[in-house]
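Input: a single structure, listed below in structure tokens.
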Amino acid sequence: MVKSTIQLIKQGEGLNVEFKRTIDSPFKIAKTIASFANTSGGVLLVGVGDNRELLGITSELKELEKLEKACTELIDKMIPVRFKSEKLDNRILLRIEIDESQERPHYAINEKGQRMIYIRVKDKSVPTLRLFIEGQSDFDTKTLLDSRHVRTLIQYLKEYDSVTAKVFSRIINISEKRAERMLNDLADKQVLLKLKKGKPELFSLKWVE
Numbered sequence: 001m002v003k004s005t006i007q008l009i010k011q012g013e014g015l016n017v018e019f020k021r022t023i024d025s026p027f028k029i030a031k032t033i034a035s036f037a038n039t040s041g042g043v044l045l046v047g048v049g050d051n052r053e054l055l056g057i058t059s060e061l062k063e064l065e066k067l068e069k070a071c072t073e074l075i076d077k078m079i080p081v082r083f084k085s086e087k088l089d090n091r092i093l094l095r096i097e098i099d100e101s102q103e104r105p106h107y108a109i110n111e112k113g114q115r116m117i118y119i120r121v122k123d124k125s126v127p128t129l130r131l132f133i134e135g136q137s138d139f140d141t142k143t144l145l146d147s148r149h150v151r152t153l154i155q156y157l158k159e160y161d162s163v164t165a166k167v168f169s170r171i172i173n174i175s176e177k178r179a180e181r182m183l184n185d186l187a188d189k190q191v192l193l194k195l196k197k198g199k200p201e202l203f204s205l206k207w208v209e
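Residue numbers for the sequence shown, in UniProt numbering: 1 to 209.
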């Protein structure tokens, strides 16, 4: 069921919802749109503050010009978006809807001219080294998830955004080298996402319940 804009604002930001006061940068919007398309789709509400405050937009035309630039010039493999303006409490908001794409991965160009793959992790758009698509592996996920160490890791990642090999090694009391091998193995088997965050490497859940 499609949620109304009011329902989304009350719900708050998350895996499929993001608020923006304004489209201040086409690069940032390109990143958000690509991350929604690369994950499970989402809605971007422009004119809403992070604290759910209704701020409204001053010029719908200017916002749409930046949106058009993001979609046509800064995203590799164009992503169809639907948008409409809505009036709430005498303020104009822009609602932008993005579906999960069947043509993943989509690259977004950042301010440095780099082509990056972004995905959604909780309420953030983050870069990743690789995009995992359902059905690529015949690994027995159920058996893997029944592992005590993996259950502990998943429980940790439901509370925190990411984990390093060093932290994981302390949680389950193994060597850092072994923890790193386990995390990379879980990433290869589509349970974790390896985030492009430099050193030390960060890992996050591929999905969030």
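Note that beta-carbon positions come from the ideal geometry of N, C-alpha and C, so glycine has one too.
Host beta strand (DSSP E) of residue i (start-end)
| i | result |
| --- | --- |
| L74 | L74 -> no beta strand (DSSP E), and no H or E assigned at all. |
| S169 | Per DSSP, S169 belongs to no beta strand (DSSP E); it is in the alpha helix (DSSP H), 165-172. |
| K194 | 192-195 |
| S204 | 202-205 |
Distance between residue j and residue i (C-alpha atoms, nearest Å)
| i | j | result |
| --- | --- | --- |
| I23 | C71 | 13 Å |
| Q155 | S59 | 44 Å |
| R52 | N38 | 25 Å |
| P127 | V17 | 18 Å |
| E97 | L157 | 28 Å |
| E201 | S101 | 27 Å |
| S175 | S169 | 6 Å |
| V121 | R82 | 23 Å |
| V163 | F203 | 5 Å |
| L55 | A34 | 25 Å |
| K124 | K166 | 23 Å |
| L8 | K20 | 13 Å |
| residue 261 | F36 | Given that the chain is displayed from residue 1 to residue 209, the structure contains no residue 261 and the question cannot be resolved. |
| K84 | L44 | 11 Å |
| S25 | D99 | 22 Å |
| K87 | E65 | 20 Å |
| L192 | L67 | 31 Å |
| G113 | R148 | 43 Å |
| R91 | I57 | 7 Å |
| L94 | E103 | 26 Å |
| E209 | E159 | Here E209 scores only 42 on pLDDT, less than 50, and its place in the model should not be relied on; the value that follows carries that caveat. In a straight line, the C-alpha of E209 is about 11 Å away from that of E159. |
| residue 211 | D89 | With the chain covering 1 to 209 only, the question about residue 211 has no answer from this structure. |
| L183 | K199 | 14 Å |
| G14 | P80 | 21 Å |
Range of the contiguous alpha helix (DSSP H) that encloses residue i
| i | result |
| --- | --- |
| K10 | 5-11 |
| K158 | 148-159 |
| K177 | 176-188 |
Exposure of residue i, with buried meaning 16 or more beta-carbon neighbours within 10 Å
| i | result |
| --- | --- |
| S4 | exposed |
| G42 | buried |
| T32 | buried |
| E63 | buried |
| K10 | exposed |
| M78 | exposed |
| V2 | exposed |
| Y118 | buried |
| L61 | exposed |
| P105 | buried |
| G49 | exposed |
| G47 | buried |
Neighbourhood of residue i by C-beta, 8 Å cutoff - its chain only, sequence neighbours within 5 removed
| i | result |
| --- | --- |
| F27 | A70, L74, A108, I109, N110, E111 |
| L195 | V121, V126, P127, T128, L129, S162, E201, L202, F203, S204 |
| I6 | L88 |
Same chain, Cβ closer than 6 Å to residue i, five either side skipped, listed in chain order
| i | result |
| --- | --- |
| G135 | Model confidence at G135 stands at a pLDDT of 45, short of 50, so the residue's coordinates are unreliable; what they give is reported in the following sentence. Result list for G135: empty, nothing under 6 Å. |
| A30 | A70, L74, I75, A108 |
| E180 | A165 |
| S40 | E100 |
Cut-off 7 Å between Cβ atoms - residues of its own chain near residue i, not counting five sequence neighbours on either side
| i | result |
| --- | --- |
| R115 | D76, Y107, I109 |
| G12 | R52 |
Notebook entry, point to check: Which full runs of the alpha helix (DSSP H) of 4+ residues lie inside the UniProt domain "Schlafen AlbA-2" (13-127), going along the chain?
Noted result: As summarised for the UniProt domain "Schlafen AlbA-2" (13-127), the continuous alpha helix (DSSP H) elements at least 4 residues long and confined to that stretch are 26-38, 60-73, given in chain order.
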